[in-house]
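Data block below; observations after.
Number of protein chains: 4
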Amino acid sequence: MYKQWKLGACLPTFASCADRYCLSGYGRGETTVEGMLAAAKKVKGLDGLELVGNWHINDGNVAQVKRQLADAGFAIPMIVPDLWTQAKWGRGSLAAVDAKIRREAVAEVHRCMDWAEAAGCPFVDVWPGQDGFDHPLQADYQDAWKWLREGIAACAPHNRKVKVLVEYKLREPRNRCFVSSAAKTLLLIQGIPNTGCLLDIGHSLAAAENVAEAAALLADHGALDYIHWNDNYRGWDDDLIPASVHQAEFLEIAYWLRRLGYQGWLTLDVFPYREEKVAAAEESFAWIRELFDAVEERGVPAITEIVRRGEGTESVRLVRELLRGKR
Amino acid sequence: MYKQWKLGACLPTFASCADRYCLSGYGRGETTVEGMLAAAKKVKGLDGLELVGNWHINDGNVAQVKRQLADAGFAIPMIVPDLWTQAKWGRGSLAAVDAKIRREAVAEVHRCMDWAEAAGCPFVDVWPGQDGFDHPLQADYQDAWKWLREGIAACAPHNRKVKVLVEYKLREPRNRCFVSSAAKTLLLIQGIPNTGCLLDIGHSLAAAENVAEAAALLADHGALDYIHWNDNYRGWDDDLIPASVHQAEFLEIAYWLRRLGYQGWLTLDVFPYREEKVAAAEESFAWIRELFDAVEERGVPAITEIVRRGEGTESVRLVRELLRGKR
Amino acid sequence: MYKQWKLGACLPTFASCADRYCLSGYGRGETTVEGMLAAAKKVKGLDGLELVGNWHINDGNVAQVKRQLADAGFAIPMIVPDLWTQAKWGRGSLAAVDAKIRREAVAEVHRCMDWAEAAGCPFVDVWPGQDGFDHPLQADYQDAWKWLREGIAACAPHNRKVKVLVEYKLREPRNRCFVSSAAKTLLLIQGIPNTGCLLDIGHSLAAAENVAEAAALLADHGALDYIHWNDNYRGWDDDLIPASVHQAEFLEIAYWLRRLGYQGWLTLDVFPYREEKVAAAEESFAWIRELFDAVEERGVPAITEIVRRGEGTESVRLVRELLRGKR
Amino acid sequence: MYKQWKLGACLPTFASCADRYCLSGYGRGETTVEGMLAAAKKVKGLDGLELVGNWHINDGNVAQVKRQLADAGFAIPMIVPDLWTQAKWGRGSLAAVDAKIRREAVAEVHRCMDWAEAAGCPFVDVWPGQDGFDHPLQADYQDAWKWLREGIAACAPHNRKVKVLVEYKLREPRNRCFVSSAAKTLLLIQGIPNTGCLLDIGHSLAAAENVAEAAALLADHGALDYIHWNDNYRGWDDDLIPASVHQAEFLEIAYWLRRLGYQGWLTLDVFPYREEKVAAAEESFAWIRELFDAVEERGVPAITEIVRRGEGTESVRLVRELLRGKR
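Chains as they are written, first to last, in our numbering: chain A, 3 to 329; chain B, 3 to 329; chain C, 3 to 329; chain D, 3 to 329.
Shown next as structure tokens:
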């Protein structure tokens, strides 16, 4: 039933998953692209893989990577420009104080758009995670916002076959990031053609948003283009298995995606630091299937009727019945 | 199955539930004790009612209240001394700077212990919610802790037929309360006979605790005497229906209560501000029953086996299977 | 120096400050409008008082209230429609499921706009605090947002001499409110003439915003019209004395208000639950003066130079030097 | 004035400071011990350096390291057993499910105790950061606590010239760590001679504690042995410059350390990810000096008088006057 969507995964889902203390990761991940790909092939139902620019795809290998993934049965739904893994981006990318860095960031997005077109991928994901600040009085918010708008406006027209999505996040790696919420993202891309939004569920949870509400707001503005799936404890981007923490909220997300007619990718962005990666991906998809199954069992119209009544206890009962599969 | 426990409710569950903006409450609660009692009688499976000293039970009415509740089929599992609804407690009760107030607080607990004995109730619940501070440099933590220890030590021996439980809470009504966690409560009552702990699940969630872990710690110290059930979003004591927010955590609580051999009361402390009170109480018990049923369906030993392996993905799968009632 | 602004206070600053446990308040507030006004007159430097519709000003007393405040030397910078203190608003005002309630909410705002004009007050403050939800699957986010837009659009043209400001808040009295951030407020009022935003500093802090960044965003959209001053611990709207918790952030706010050329009111929205009200208001203004004095001592251009460099350690040193008044 | 304490720094303060995205760090740190030591020598007033076992000190180099640091004018106040940077500790150290790992953890602590004695260092810091869980139903809390108690009891008697301190933290690298608060640490070490507590201010802030209150509680139990200094935004262990976020709380810490008669080390545990390390360390000490200076300017008795009154507004005024150096 949930199969009107395609199931994806970020390739690093299968990697070693370092944290700041244990840079090697905890010993269960793959360290080569080939290894990650081999792991990904073991995951039942996986339709596509997200790649990071330069790390996984670049000028020299784009044709080969496209073929390699196609042979393995995978589409490439997304290419993510690397604006965050190198020291040079440490003080910002599209909104760096240094104009040269800002230009390099735009050029990096352009390159990824071209690789995306060549690889048959419809999107790039601009995540300005290094654009932010760590302390009060450390950023000129007006300059930063102007630079972000200019940067997105400079990226978007480069290649109309590839849409530029912006991914928001409240914090990490900076203590505060400028592009921090669904509503700010809408203000950022407003009026710039060929742009949209990537909703990372975990980022939304950690930004004190209600995720389904954010999805509805984005959809109302025509900007709900792509979704990253993961869960957390709301204080940090823990990148856990979807619905492992917030079962009720994930049920609500499933309902709203059905209701909003979302037909894009459901892509995992999980970091199974200490876990077997294939098992973690499969459990993630198992949860996603359960969520949509639970919605289908009751049906969107029956759920909508309760949603529209606004009675707290009825909504709690609905969640209980949907989860437990009983009435 | 869950029937080795008794199901209780705080009497104010059925009251008008004021907040600081709308002092009348939102129009669906009872304003008299008789009305609350009539509402409580409609709740299927309810075994007992918690009373607040002076508000519901006092020197003049203790025999009558006992009979009134017995006639309605209710036990009185708990009497709560009123150390928090009057202006005089605003700057502290057992740990007030004013020694006279500290003495009055002890006397109030003593009175409630006597009413409890007379009413056949085994516990009083000392909740020092007004004992805390709002700002840095506003409290002498050493004095406060000493006074709290002295206060509990002065209360406990008064009547050995009634045990003095301490209820902890991180904040509200003070911005920070002194007795804020399970571990601090254990340090507070350490070495004082006839004392124990009341674990309010919502208080534990809002104190950044893992509730089941707190329950195990209390049980290991012989101090898991009584449990208040409610849920919240972890930032405030929202007093929502149990498991309406944290399904996985509540499943874990049910498992641990079974494993720890807890045989006390499961008492609602919910504030259905805008909801029909009887329906909210019944949905609360429906969730509690589902939780314990889910644990029984799999069985404590089978769950323990997975718990002891410490594999993240297996625990996520277990939660999914328990909630969905499938394997 | 800070005197290009006017200093205001919400009238309830001087009231009894109930919380949900102690409905009488803690004994130090005034219970009549006359008493509050007498208290307000004792506060040095206070220029005006915010009133709540119906509670303080209404059809029968508008001329009298205007004269009473003028005689006391106070302007009326703001009238707040009461969309939150009565049971009938409990399930929403401008976005209530019940269309009749939605119409009543608009009518209430219209009435307040007329009283405002009659009282020489330039603004009304629409705070849709009851418009939200408490649980997943309890709200139709698309309907709610549409109704909010329609409601604001119905309010704004009523009287062009009075501007309709929207005040956002993440939560309380609802567990989640729809109008929760500066960016969402901008989307809400976008394209509707005669609207603007009321930035409540505490609401911004509790919504995981950086307040100065929110102020800059609002100003860039021409919507920084009015500011409520109070502080909190970020998890709840504690309504504490400004800068009592977040000294560095408040310094940054003072700098940005100077830089953005803000010339509106600086109005207290504090709840001194247990404190003498006049002393709390005076300490609030003392902090506000210190903040702007610290900015002036160094000067906006010198601060801007460091802000634009984006060096964390330099910003920390700047805060230290500004607070300590040394270099 | 503050000079009755000694100022220390963790050696990694001067290192490259990786995060999970940018494993190289942001380009301003040292990559060799010699480089870090050279940087440390540039910091005015630094008295000693904390070392990590194996990384900085080991069987082969203990005499050399001792001489190297002595030549540079540095004491070694602390050696930290490495129970967290290697994949083998990923699923726990002292409380790992695997008994072999638990034994290795104890052996590692023993080794560090011997190196400490040889290096003239009085403490080891046992930080069980990998001992915890990521999901509900992933840990046997009773087993874990028993193993932790057994582990500390096995470590402590090994070498009575070196005291075993336990450092608590709520989360990271695990989503939840077992040893999470000051009060739990006291329960953990209770009755085990030659043990104490390391209070990391940032860990305390992120554990929803009031730091000064935690310090007083530890001191009342004779367990306030050592302090790590850093600040954060309370949601994560950001390891920022002390007092860069929480000025009022740090003032209160300084007051309480003076009042409690603390005479141990004040050691930086900061991660200046994007900053020059020497400047970050110097700014940290500048803040620490200012805090203690502000306390001395007013004097402990005068502050105590206000602290003991418990009046909120007076405490706010006190903080303002202490910070601004005026009355």
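Backbone N, C-alpha and C fix where the C-beta goes; we use that ideal spot for every residue, glycine too.
Note that this is a predicted model, so its numbers are computed, not measured.
Rounded separation between V166/A and V213/A - CA only: Looking up residue 166/A in the first sequence gives position 164. Looking up residue 213/A in the first sequence gives position 211. Roughly 21 Å separates the two Cα atoms.
Rounding to the nearest angstrom, what Cα-Cα distance links A17/B and W57/C in this structure? By one-based count along the second sequence, residue 17/B stands at place 15. By one-based count along the third sequence, residue 57/C stands at place 55. Rounded to the nearest whole angstrom, the C-alpha separation of A17/B and W57/C is 25 Å.
What is the residue span of the beta strand (DSSP E) that G50/A lies within? Within the first sequence, the letter at position 48 stands for residue 50/A. G50 to V54 is the extent of the beta strand (DSSP E) around G50/A.
Check distances from the C-beta atoms of the segment 144-176 of chain C to those of chain D and list, in chain order, the residues that come in under 9 Å. none
Determine the extent of the beta strand (DSSP E) in which D127/C is found, giving its start and end residues. Taking the first residue of the third sequence as position 1, residue 127/C is located at position 125. Taken as a continuous stretch (DSSP letters only), the beta strand (DSSP E) holding D127/C covers F125 to V128.
Indicate whether at least one CB of chain C lies closer than 8 Å to the CB of L189/A. Within the first sequence, numbered from 1, the residue matching residue 189/A stands at position 187. It does: the Cβ of L189/A has a partner Cβ on chain C nearer than 8 Å.
Beta bridge counterpart(s) of G198/C as assigned by DSSP: Within the third sequence, residue 198/C is the residue found at index 196, counting from 1. For G198/C, which the question treats as bridged, DSSP gives the partners L167/C.
Contacts of V321/D in chain B (Cβ-Cβ under 8 Å): The residue given as residue 321/D occupies position 319 in the fourth sequence. Near V321/D (Cβ distances below 8 Å), the residues of chain B are H137, P138 and L139.
Measure the alpha-carbon distance for G301/D versus G193/C and round it to whole angstroms. Numbered from 1 along the fourth sequence, position 299 holds the residue referred to as residue 301/D. Numbered from 1 along the third sequence, position 191 holds the residue referred to as residue 193/C. Computed Cα separation, rounded: 58 Å.
Please tell me whether A281/A and V272/A are closer than 8 Å, where the distance is taken between their beta carbons. Residue numbering aside, residue 281/A sits at position 279 when the first sequence is read from its first letter. Residue numbering aside, residue 272/A sits at position 270 when the first sequence is read from its first letter. No; because the gap between Cβ atoms is not below 8 Å, this pair is not in contact.
Does the distance from the C-beta atom of D84/A to that of E52/A stay below 8 Å? Counted from its first residue, the first sequence places residue 84/A at position 82. Counted from its first residue, the first sequence places residue 52/A at position 50. In this structure, E52/A does not lie closer than 8 Å to D84/A by Cβ.
Would you decide whether R261/B is buried or exposed? Buried here means 16 or more other CB atoms lie within 10 Å of its CB. If you number the second sequence from 1, residue 261/B lands on position 259. The residue is buried, with at least 16 neighbouring Cβ atoms inside 10 Å.
K46/C and E284/C: beta carbons closer than 8 Å? Along the third sequence, read from residue 1 onward, the residue named residue 46/C stands at position 44. Along the third sequence, read from residue 1 onward, the residue named residue 284/C stands at position 282. Yes; because the gap between Cβ atoms is below 8 Å, this pair is in contact.
Whole angstroms is fine: what's the gap from A74/A's alpha carbon to K43/A's? What you label residue 74/A is simply residue 72 of the first sequence in a count that begins at 1. What you label residue 43/A is simply residue 41 of the first sequence in a count that begins at 1. Each residue's alpha carbon lies about 7 Å from the other.
C-alpha gap between C157/D and A101/D, whole angstroms: By one-based count along the fourth sequence, residue 157/D stands at place 155. By one-based count along the fourth sequence, residue 101/D stands at place 99. About 15 Å.
Suppose only complete runs of 3+ residues qualify. What are the beta strand (DSSP E) ranges in the segment 202-261 of chain C, listed by chain order? The segment 202-261 of chain C contains these whole beta strand (DSSP E) runs: 226-231.
Is there at least one Cβ from chain D nearer than 8 Å to G314/B's Cβ? Stepping through the second sequence from its first residue, residue 314/B is reached at position 312. Closer than 8 Å to some Cβ of chain D, the Cβ of G314/B qualifies, so yes.
Enclosing alpha helix (DSSP H) for K8/B [first to last residue]: On the second sequence, position 6 is the one that residue 8/B refers to. Not the alpha helix (DSSP H): K8/B falls in the beta strand (DSSP E), residues K8 to C12.
Please classify Q132/C: is it buried, with 16 or more other beta-carbons within 10 angstroms of its beta-carbon, or exposed? Here the question's residue 132/C lines up with position 130 in the third sequence. Per the 10 Å Cβ criterion, buried.
Tell me, to the nearest whole angstrom, how far the beta carbon of W238/B is from that of E174/B; I am working on the premise that it is less than 8 Å. For the purposes of this step, residue 238/B is taken as the residue at position 236 of the second sequence. For the purposes of this step, residue 174/B is taken as the residue at position 172 of the second sequence. The Cβ separation is near 7 Å, so the contact holds.
Since I believe V164/C is in contact with T197/C (beta carbons under 8 Å), could you give me their beta-carbon distance rounded to a whole number of angstroms? For the purposes of this step, residue 197/C is taken as residue 195 along the third sequence, with counting starting at 1. For the purposes of this step, residue 164/C is taken as residue 162 along the third sequence, with counting starting at 1. Contact between T197/C and V164/C is ruled out by a C-beta separation of about 11 Å, above the 8 Å threshold.
In or out: D61/C buried (at least 16 other Cβ within 10 Å) or exposed? On the third sequence, residue 61/C is found 59 positions in, with the first residue counted as 1. Exposed, by the Cβ-count rule.
Cβ shell of F368/A (< 7 Å), same chain only, five flanking positions each side left out: This structure gives no information on residue 368/A, because the portion of chain A shown stretches from 3 to 329.
Cβ-based neighbour list, T187/C, same chain, cut-off 7 Å, excluding 5 preceding and 5 following: As a position in the third sequence, residue 187/C is number 185, starting the count at 1. Same-chain partners within the cutoff: V168, Y170, V181 and C199.
Cα-Cα separation, I154/A to A107/A: Here residue 154/A corresponds to residue number 152 of the first sequence, with the count starting at 1. Here residue 107/A corresponds to residue number 105 of the first sequence, with the count starting at 1. Approximately 10 Å, taken between the alpha carbons.
Using a C-beta to C-beta distance shorter than 9 Å, which residues of chain D count as neighbours of V128/B? As a position in the second sequence, residue 128/B is number 126, starting the count at 1. Neighbours of V128/B on chain D: none; closest Cβ ~18 Å, over 9 Å.
Does the separation of the CB atoms of G92/A and G37/D fall below 8 Å? By 1-based counting over the first sequence, the position of residue 92/A is 90. By 1-based counting over the fourth sequence, the position of residue 37/D is 35. Contact: no.
Does DSSP classify T315/B as helix, strand or coil? Taking the first residue of the second sequence as 1, we reach residue 315/B at position 313. DSSP, reduced to helix, strand and coil, places T315/B within a helical segment of the structure shown.
Confirm, please, whether the CB-CB distance from R104/A to W149/A is below 8 Å. On the first sequence, residue 149/A is found 147 positions in, with the first residue counted as 1. On the first sequence, residue 104/A is found 102 positions in, with the first residue counted as 1. Their beta carbons are under 8 Å apart, which means W149/A touches R104/A by this criterion.
How would you list, in chain order, the residues of chain D whose beta-carbon sits under 8 Å from the beta-carbon of I308/B? Against the second sequence, residue 308/B aligns to sequence position 306. Near I308/B (Cβ distances below 8 Å), the residues of chain D are L139.
Contacts that A225/D makes with chain C (C-beta to C-beta distance below 8 Å): Position 223 of the fourth sequence holds residue 225/D. Those do not exist, as A225/D stays about 27 Å from chain C at its closest Cβ, beyond 8 Å.
Through-space distance from D116/C to D49/C, alpha-carbon basis: On the third sequence, residue 49/C is found 47 positions in, with the first residue counted as 1. On the third sequence, residue 116/C is found 114 positions in, with the first residue counted as 1. About 22 Å.
Exposed or buried, what is P130/A when buried is set at 16 or more other beta-carbons lying within 10 Å of its beta-carbon? Translated into positions along the first sequence, residue 130/A becomes position 128. Buried, because 16 or more other Cβ atoms sit within 10 Å of the Cβ of P130/A.
Can you name, in chain order, every residue of its own chain whose Cβ lies under 7 Å from the Cβ of I308/B, other than the five neighbours on each side? On the second sequence, residue 308/B is found 306 positions in, with the first residue counted as 1. Excluding residues within five positions, the ones whose Cβ falls inside 7 Å are E316, S317 and L320.
Looking at V82/C: is its Cβ nearer than 8 Å to the Cβ of G122/C? Counting from 1 along the third sequence, the entry for residue 82/C is found at position 80. Counting from 1 along the third sequence, the entry for residue 122/C is found at position 120. In this structure, G122/C does not lie closer than 8 Å to V82/C by Cβ.
Name the two residues that bound the continuous alpha helix (DSSP H) containing A150/B. Here residue 150/B refers to the residue found at position 148 of the second sequence. Here residue 150/B is Leu; the residue named in the question, Ala, does not match the sequence. Element bounds for L150/B: Y143 to C157.
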